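Protein chains in written order, with the working numbering: chain D, 8 to 434; chain L, 4 to 414.
For every residue, glycine included, the Cβ atom is placed at its ideal position computed from N, Cα and C.
Predicted model only: the values in this text are computed from it and were never measured.
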Amino acid sequence: MLDRATAPIIKDPIHFNFELPAINTHALSNGVPLYWLHAGVLDVVEINWIFDAGIWQEPHQGVANATAALLKNGTLSKTAKQINEDLELYGASLKIGASNDYASITLHCLVKHLAAILPTIASILFEASFPEEELEIFKKNALQRLAINLKQCEFVANQKIDAHVFGAQHPYGRYTTSASLEALSSDVLRNFHKAAYQMNTCKIFMAGKVGPQEIDLINRYFGATTLATTTTNVNNEFTISTEAPFKSFIENDANAVQGAIRIARTIPNRHHPDFAPLVVLNTLFGGYFGSRLMSNIREDKGYTYGIYSSQSSYIHSGMLCIQTEVGRDVLQHAVDEIYKEMDLLLQESIEEEELLLVKNYLLGSILGDLDGPFSILQRWRSLILNGLDQQTFQKNIHTYKNITAIELQQLAKKYYNATDFFEIQVV
Amino acid sequence: MLEYKKITLSNGLRFLYHEDRTTPMVALNVLYDVGARDEDKERTGFAHLFEHLMFGGSINIPEYDTPLQMAGGENNAYTTNDITNYYIQLPAENIETAFWLESDRMLSLAFSEKSLDVQRKVVCEEFKEHYINKPYGDVWKHLRALAYQQHPYQWMTIGKELAHIEQAQLEDVKAFFKKHYNPQNAVVCIAGNCSFDEVVALAKKWFEPIPAGEKYIRNIAPEPTQTAARHLEVHADVPSDALYMAWHIAPRLDPSYYATDIITEIMGHGNASRLYQKLVKEQQLFSSIQCYHTGSVEAGLLVIDGKIRNDQSIEVAYEAVEKEIALLLAEGISDFELTKSKNKLEAMIVFEDMQLLSRANNLAFYELLGDAEKINQEWDHYNAVTKEELMQVAHRIFMPNNKNTLFYKRK
């Protein structure tokens, strides 16, 4: 008779070996670094061009995002329509976006079409022209999108919590408004493009079924530009708000049946020794389906469809944020439970069984993340852009495997004091 | 080309195996042949609520998630109008944990009142989050009810109303399990770093002893052919007017599926598509517009939806869409458009195969459609579509009597 009550014997993921497949570094003729790796069996490639052209570098709110959004809407030699047709003809997907620290251009296509697609990418990067009419269409449509987003409690809560934690003027804290969209002009975008999309800040990443031929192609289109010897790049300095944490409540929609909760604070960036230990603590607290927050607030109380705590890391700082949308009638109950769970981390040592569960889960998910060329590339990109290397990866794995309950309780006392968190409720 | 092997266990459970030795993981996908279309119209949302209850513990295993997470695994599930799909990804070393967990909940659930009580609340919050407390959240409720007057595709998987979920009883849950959750109504696919022999042994060990149960015979009458255009106007607290137009298309296995898919590509997928170029960029009537189809197993819908620019009227915008459809029917498509669409689809098919889970899921789904081998014929079908065939299909879809229009207006 089959014994279904006893679990099959498992190998604990804390005993697995983790190898991050190596990445190759190749300097293009002009010195621009190309990081690349050959992996996978499918005829596919991903390429990223990363520039110091994020929100950190923009002269005022909205410029980095608008520049990224309009980069492919017209160049000196091609109209927006031609660019879209050139890309779609070869089934390519191109995503351009600005984040807090960078702008990134990401191409996915079949390797066989790469040679036909790269001239269009070069035209976008070097010859973007930001036509007035394209900007006007962008503004009108972005304003309408913003109006729709502002009807949603979670969108408003996300905007406000960043502003509270980092300060409304800080690049990590400020957010798009109708006024910031209205204020955009083609000249400002052109100037920002000229200053920030400089090849001397560019890093290129490539993964897939690629080799010398694809490297040659990259070199042909992106290795020829002479790099400026004196940098005109923007290098802004900002300090994070020192305002004491506070709580706030916004009624965004009188008829709302749910409200959004955000509870957050700053945490150190990836270079800090507490970063990897915090990953373990955050996973346990609210980073996976079996987390304390999810078990209590969803699976026991049924207050929400989902609750998470997440750890965002940027070049200059980071944020720990608990987020959920709950029924309007249980909003305060949910908030109280979140603080109760936070306090438990400080007061009680984590049981060994739960700690092993979290470690095994975390390491299992990292193993899954190392699967496939694009996932490996993503890990390398995050390391390289933060000025880290393979040793950091191994050191972090070591932490995830070996951290103790005592260390985690000490860490909780340092980072999980309710009084250090900003809180916002939006209905 | 996806390589796979198939066995059928003595209880009727179909089992697919796909090998990939480049990954350290395995994916186990369990697809049950039940969706929102199989619900009683007075008790909608039940298939999806049931999906939640599948995580509330099974007959021999009090907690589903914990042992899986201990083994380094992750899982999730989703319900559509057609199917309910559960999937696990975990390190290959711990493959047996996945067999143990999935076979026990196919055998029987724990059926606890506490789990039902909590998941009713969780699903009600999901309902509120996505369909009530969100601008345009009830669009599909209106559009489905307009286009389908008989067929159960007339409601969304989340259900028609909160009350249907709130009223669900434990007896309903037990009856639903008995009717739909058994080896005869499921397809399993295991993919990744494991051998066929190992998989066969594990399948026989864990799944073969499960009683076959009764085969559920679906008997849903097709939606009667629409005989006159329908129009609905809804007023809501939204910042912009939105236009939705829907036409009935053929079922998933109809040969016209591929031409239909290409029509949506040409009309409204991507920034080089006709509707985007003409109506967002040139005429500036819409702030966004897209064309797609619902991809359902039974006869689905081809949909055009867009948000109207606040400085334009929905009536004018609607006429402009009509004009684009008339233009398509009168002048056909260019070779360039056909080549472009096929290249996009070719890339899409290849990129979908990047993910192990996606391969496992697709193999199971195609087996449910009748034969897993269909997955390897998809590209040839797309590639064979001609301009003439595409136009025949377009003329059939865009018949005036086949149209459903929803004006979703701001108050």
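#### Entry: Selection from D/381, D/97 and D/155 that minimises the alpha carbon distance to residue 310 of chain L
Cα-wise, what sits closest to residue 310 of chain L is D/155.
### Query
From the beta carbon of residue 1 of chain D, is the nearest beta carbon of chain L less than 8 Å away?
A query on residue 1 of chain D cannot be resolved here, the shown segment of chain D reaching from 8 to 434 and no further.
### Task
Could you name the residues of the same chain whose beta carbon sits closer than 8 Å to that of residue 127 of chain D, not counting the 5 residues immediately before and after it, in chain order?
The answer, listed in chain order, is 85, 90, 93 and 94.
### Message
Taking CB distances under 8 Å as the criterion, tell me whether residue 116 of chain D reaches chain L.
### Response
It does: the Cβ of residue 116 of chain D has a partner Cβ on chain L nearer than 8 Å.
### Query
Closer than 8 Å, Cβ to any Cβ of chain C: which residues of the segment 327-345 of chain L, in chain order?
The displayed structure is made up of protein chains D and L, and chain C is not among them.
### Task
Tell me, please, which residues DSSP counts as bridged to residue 130 of chain L.
Within the DSSP secondary-structure output, residue 130 of chain L pairs in no beta bridge.
#### Entry: Residues within the segment 208-220 of chain L neighbouring chain D, beta-carbon criterion of under 8 Å
For the segment 208-220 of chain L, the beta-carbon criterion of a distance under 8 Å to any beta-carbon of chain D is satisfied by 208, 209 and 212.
### Task
Quick one: list the residues of chain D neighbouring residue 380 of chain L, beta-carbon separation under 8 Å, in chain order.
Contact of residue 380 of chain L with chain D by beta-carbon distance below 8 Å is absent, the smallest such distance being about 18 Å.
#### Entry: Beta-bridge pairing of residue 41 of chain D - partner residues as DSSP gives them
Answer is D/33 and D/211.
### Task
Tell me, please, which residues DSSP counts as bridged to residue 380 of chain D.
Partner(s): none; residue 380 of chain D has no beta bridge.
### Span of the alpha helix (DSSP H), counted from its first residue to its last, around residue 339 of chain L
The continuous alpha helix (DSSP H) containing residue 339 of chain L extends over residues 338-355.
### Task
Determine the contact status of residue 292 of chain L and residue 282 of chain L, defining contact as a CB-CB distance below 8 Å.
Residue 292 of chain L is a Cβ neighbour of residue 282 of chain L, given a cutoff of 8 Å.
### Task
Taking C-beta pairs closer than 7 Å, name the residues in chain L that residue 379 of chain D reaches, listed in chain order.
For residue 379 of chain D, the chain L residues whose Cβ falls inside 7 Å of its Cβ are 357, in order along the chain.
### Query
For residue 25 of chain L, which residues in chain D fall below 7 Å Cβ to Cβ?
Near residue 25 of chain L (Cβ distances below 7 Å), the residues of chain D are 48.
### Message
For a cutoff of 8 Å on Cβ pairs, would you count residue 265 of chain D as touching chain L?
### Response
Closer than 8 Å: yes.
### Query
Who are residue 56 of chain D's beta bridge partners in DSSP?
According to DSSP, residue 56 of chain D shares a beta bridge with D/112 and D/211.
### Task
Given a cut-off of 8 Å, decide if residue 18 of chain D and residue 78 of chain L are closer than it, judged by their beta-carbon atoms.
No, the pair does not count as a contact, with Cβ atoms beyond the cut-off.
### Task
Please classify residue 405 of chain D: does DSSP put it in a helix, a strand, or coil?
When DSSP states are grouped into helix, strand and coil, residue 405 of chain D belongs to the helix group.
### Message
Between residue 333 of chain D and chain L, is any beta-carbon pair separated by less than 8 Å?
### Response
Interface residue, yes.
#### Entry: Burial state of residue 188 of chain L (16 or more Cβ within 10 Å)
Taking a 10 Å sphere around the C-beta of residue 188 of chain L, we find 16 or more other C-beta atoms and assign the residue as buried.
### Query
Below 8 Å between beta carbons: does that hold for residue 10 of chain L and residue 206 of chain L?
In this structure, residue 206 of chain L lies closer than 8 Å to residue 10 of chain L by Cβ.
### Message
Given a cut-off of 8 Å on the beta-carbon distance, is the pair residue 104 of chain L and residue 67 of chain L in contact?
### Response
Yes, these two residues count as a Cβ contact at 8 Å.
#### Entry: Contact list for residue 93 of chain L against chain D, beta-carbon separation under 7 Å
Neighbours of residue 93 of chain L in chain D, taken as residues at a C-beta separation under 7 Å, are given in chain order as 371.
### CB contact check: residue 284 of chain L to chain D, cutoff 8 Å
Output row for residue 284 of chain L: interface = yes.
### Task
Just grab the DSSP bridge partners of residue 33 of chain L for me.
Secondary-structure assignment with DSSP links residue 33 of chain L through a beta bridge to L/89 and L/191.
### Task
Would you list, in chain order, the members of the segment 85-117 of chain D that have their beta-carbon closer than 8 Å to a beta-carbon of chain L?
Shown in chain order are the members of the segment 85-117 of chain D whose Cβ falls below 8 Å from a Cβ of chain L: 87, 88, 91, 92, 94, 95, 96, 97, 98, 99, 100, 115, 116 and 117.
### Query
Is the segment 217-234 of chain D touching the segment 188-197 of chain D, taking contact as three or more C-beta pairs under 8 Å?
The segment 217-234 of chain D makes no contact with the segment 188-197 of chain D, as fewer than three CB pairs between them are under 8 Å.
### Query
Is there at least one Cβ from chain L nearer than 8 Å to residue 367 of chain D's Cβ?
Yes, its Cβ sits closer than 8 Å to a Cβ of chain L.
### Query
Going by DSSP, what residues sit across from residue 304 of chain L in a beta bridge?
When beta bridges are read from the DSSP output, residue 304 of chain L appears opposite L/251.
### Task
May I ask you to verify whether the segment 115-134 of chain L touches the segment 153-162 of chain L, counting CB pairs closer than 8 Å and requiring at least 3?
With the rule of 3 Cβ pairs closer than 8 Å, the segment 115-134 of chain L counts as touching the segment 153-162 of chain L.
### Query
Under 8 Å between C-beta atoms, does residue 143 of chain L make it to chain D?
No, no contact with chain D.
### Beta-carbon neighbours of residue 87 of chain L, restricted to chain D and to distances below 8 Å
The CB of residue 87 of chain L never comes closer than 8 Å to any CB in chain D; the least such distance is about 18 Å.
### Message
Bridge partners for residue 201 of chain D per DSSP, in chain order?
### Response
Residue 201 of chain D pairs with nothing; no bridge assigned.
### As assigned by DSSP and simplified to three states, the class of residue 160 of chain D
Of the three classes helix, strand and coil, the one that applies to residue 160 of chain D here is helix, per DSSP.
### Query
Between residue 34 of chain L and residue 13 of chain D, what straight-line distance do the alpha-carbon atoms span, to the nearest angstrom?
The straight-line gap from Cα to Cα measures roughly 25 Å.
### Closest by C-alpha distance to residue 76 of chain L, when choosing among L/286, L/58, L/63 and L/95
Cα-wise, what sits closest to residue 76 of chain L is L/95.
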